[in-house]
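Below is one structure, written out as structure tokens; comments come after it.
Structure (structure tokens):
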């Protein structure tokens with residue numbers, strides 16, 4: 001069985017990570033929005049009694065600054081709220097939306113990718129390792145492993161795996177450049193690799209010799225096998241994890257950083273291993289770190305940020321301050337500075353902003369040396385703190401220059417990412433780019449990007465809006481058809497990138513634009529989802545019901561949806577409460593005249609339930625505030 005997919009390296013560009021703002025929306029039920037004075041993101045520790053009073057106790061009087069300080073000290077877990085990356089069920093920001101991981105990988109710049117295959121065993125004289133390094137296709141890698149017979153060495157196996165991962169990235173970049181390869185085809189490519197008999201042989205042989213791997217190769221195997229799609233419950237991954245735990249104390253920063261990245265997305269069980277990593281990471285802080293070491297240290301901190309203690313954070317911040325005073329960030333690689341800013345951008349670190357501004361100024365002084373990738377990252381972090389102003393001006397000027405070049409050389413879809421940083425005068429140019437992208441095979445990968453561009457320009461072209469929303473809905477449904485197995489809630493999660501964005505888009509234009517075909521079709525699909533097991537999950541119910549409530553007829557909310565909202569109400573989180581509030585807000589705005597009695601009664605009952613739930617949130621908030629004041 002041969003594996004005939006040759007690949008070649010192509011140039012690409014990349015759009016940065018999600019913008020950090022998290023704007024809380026709601027009606028009268030969620031009226032207190034605590035806003036940090038030195039940043040623009042809104043904390044989700046939000047609640048209001050909305051005309052009702054706290055029944056059992058009087059609200060203690062305190063200043064806004066004291067309340068802000070207090071909420072900064074309360075961890076989100078007290079409210080059952082996920083932090084960035086915890087869950088796909090967090091409410092989307094009213095200003096920005098998260099870019100898909102696939103889109104981020106697709107347009108990642110070539111010079112940002114480490115040549116993994118040549119760094120694992122540098123300077124090796126082994127003929128097979130050299131041949132694997134030079135492989136341009138998956139089949140060439142498999143052919144070299146087949147040459148090793150039944151007992152390939154640990155070095156050969158580990159080199160093969162990092163090369164397979166490198167080829168997968170090259171294949172993704174090639175797909176972006178030629179606009180012919182979609183996300184589903186990338187997944188099929190990985191499935192072909194994992195189900196190939198030769199890859200199964202590699203896994204079995206690796207399990208037998210994994211103890212012969214050096215520390216760098218050991219951590220690489222865990223990380224890149226996971227990225228290739230090997231299950232964490234597989235025997236080879238279990239064996240590698242055990243060997244890692246035995247050797248962890250002797251890991252250098254490179255191995256620690258790879259292990260921390262692997263553990264980042266492994267759920268609750270990974271916290272146990274991460275807790276053992278923290279003392280090792282802390283011990284490295286005492287060493288004199290060079291630029292590359294500081295970069296790896298920041299990766300470790302970013303991957304374990306949920307477990308970082310205050311003393312450890314203060315130690316890291318002191319080191320950052322020392323490096324700033326020494327002028328370290330004025331001369332180091334910009335990726336080091338950006339990685340530190342990413343760590344400091346974590347909302348739980350309340351003292352981060354006093355260091356972020358000087359770090360961004362260091363990047364501003366060397367703006368000419370930044371790549372488009374780094375500029376997009378910098379703009380994302382700027383949205384979190386809204387300062388310094390000089391950075392914003394430079395980002396805008398950079399966007400103007402890039403777009404001017406694109407006008408001459410021809411438009412590219414990645415230019416759409418720059419829309420929010422350009423003048424409204426560019427509207428016609430971007431509308432033409434959007435029209436071109438609507439007919440592309442990989443359109444569904446650009447839904448988020450096109451949405452942001454249309455929303456920013458507030459286009460008055462209804463035909464373009466209609467085409468975008470109908471195409472978005474159809475492409476999402478087509479994507480679902482091409483996925484053979486669906487996990488619980490997957491349909492809702494996939495459709496959410498259309499229906500929840502539509503709610504924001506419609507609200508952003510003041511209700512002047514509506515696509516009734518999308519509203520009817522999506523409401524029907526979501527009601528079908530509510531009748532499945534997905535309808536037993538309160539966060540899914542809140543998200544889907546918000547859309548159905550917002551765009552239901554003036555005759556009333558469907559009875560089955562109404563009953564599910566009432567029954568799940570006591571389990572709603574703050575985000576769920578805000579989602580339902582938004583749906584009610586839209587419904588009342590669209591039905592200002594001739595509001596039917598049944599709809600009014602249903603909304604009133606839901607409002608009472610939301611008021612009761614909000615009162616519970618406030619009581620929890622007051623409880624922790626009283627504990628805070630006593631301390």
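Numbering (full-length UniProt numbering), first residue to last: 1 to 631. Think of the CB as a built atom: it goes at the ideal place given N, C-alpha and C, for glycine as much as any other residue.
Within the stretch 511–550, the complete alpha helix (DSSP H) segments of 4 residues or longer fall at 516–530, listed in chain order. Listed in chain order, the non-local C-beta contacts of residue 236 below 8 Å within the same chain comprise 203, 204, 206, 207, 210, 225 and 230, local neighbours out to five positions each way being set aside.
At least 9 Å separates the beta-carbon of residue 309 from that of residue 263.
Between residue 392 and residue 343, the CB-CB gap reaches or exceeds 9 Å. Shown here, residue 307 sits in coil according to DSSP, grouped into three states, outside any helix or strand. Taking the C-beta atoms as reference points, residue 476 is found no nearer than 9 Å to residue 449. Within the same chain, Cβ atoms closer than 6 Å to the Cβ of residue 589 are found at 511, the five residues on either side in sequence being excluded.
The stretch 190–203 makes no contact with the stretch 247–259; the number of CB pairs closer than 8 Å stays below 3.
For residue 450, the enclosing alpha helix (DSSP H) begins and ends at 447–457. Here residue 419 is buried, its C-beta having at least 16 other C-beta atoms within 10 Å.
Burial check for residue 594: the Cβ neighbour count within 10 Å stays below 16, so the residue is exposed. Taking residue 278 as the centre and dropping the five residues before and after it, the same chain places the C-beta of 304, 307, 308, 309 and 312 closer than 8 Å to its C-beta, in chain order.
Nearest in C-alpha terms to residue 515, of all of 487, 425, 439 and 464, is 464. The C-beta distance from residue 613 to residue 570 rounds to 7 Å, short enough to fall under 8 Å. Rounded to whole angstroms, the separation of the alpha carbons of residue 467 and residue 474 is 11 Å. In the three-state reduction of the DSSP assignment, residue 555 falls in the coil class, being assigned neither a helical nor a strand state. By the beta-carbon neighbour count (other beta carbons within 10 angstroms, threshold 16), residue 460 is exposed. Residue 526 and residue 160 have their C-alpha atoms spaced approximately 45 Å apart. In the structure shown, residue 233 adopts coil according to DSSP, grouped into three states.
Sorting 479, 424, 426 and 422 by C-alpha distance to the C-alpha of residue 445 places 479 at the top. The Cβ atoms of residue 575 and residue 539 lie closer than 9 Å to each other. Comparing alpha carbon positions, the residue from 553, 506, 491 and 509 closest to residue 530 is 491.
Between residue 123 and residue 337, the alpha-carbon positions lie close to 30 Å from each other. Close CB contacts of residue 282 within its chain, under the 6 Å cut and outside five residues either way in sequence, are with 312 (chain order). A straight-line Cα-Cα distance of about 41 Å links residue 155 and residue 349. Here residue 138 is buried: its Cβ has 16 or more other Cβ atoms, across all protein chains shown, within 10 Å. Note that the stretch 362–373 touches the stretch 313–333; at least 3 beta-carbon pairs, one per stretch, sit closer than 8 Å.
Assignment of residue 252 by DSSP, reduced to helix, strand and coil, places it in the coil class. For residue 330, the enclosing alpha helix (DSSP H) begins and ends at 328–331.
Collapsing the DSSP output to three states places residue 387 in coil. Taking 9 Å as the cut-off, the beta carbon of residue 562 is found no closer than this to the beta carbon of residue 587. The continuous stretches of alpha helix (DSSP H) do not include residue 121, and DSSP gives it neither H nor E. DSSP places residue 427 inside the alpha helix (DSSP H), whose first and last residues are 427–438. Shown here, residue 267 sits in coil according to DSSP, grouped into three states, outside any helix or strand.
The three-state reading of DSSP puts residue 295 in helix, counting H, G and I together.
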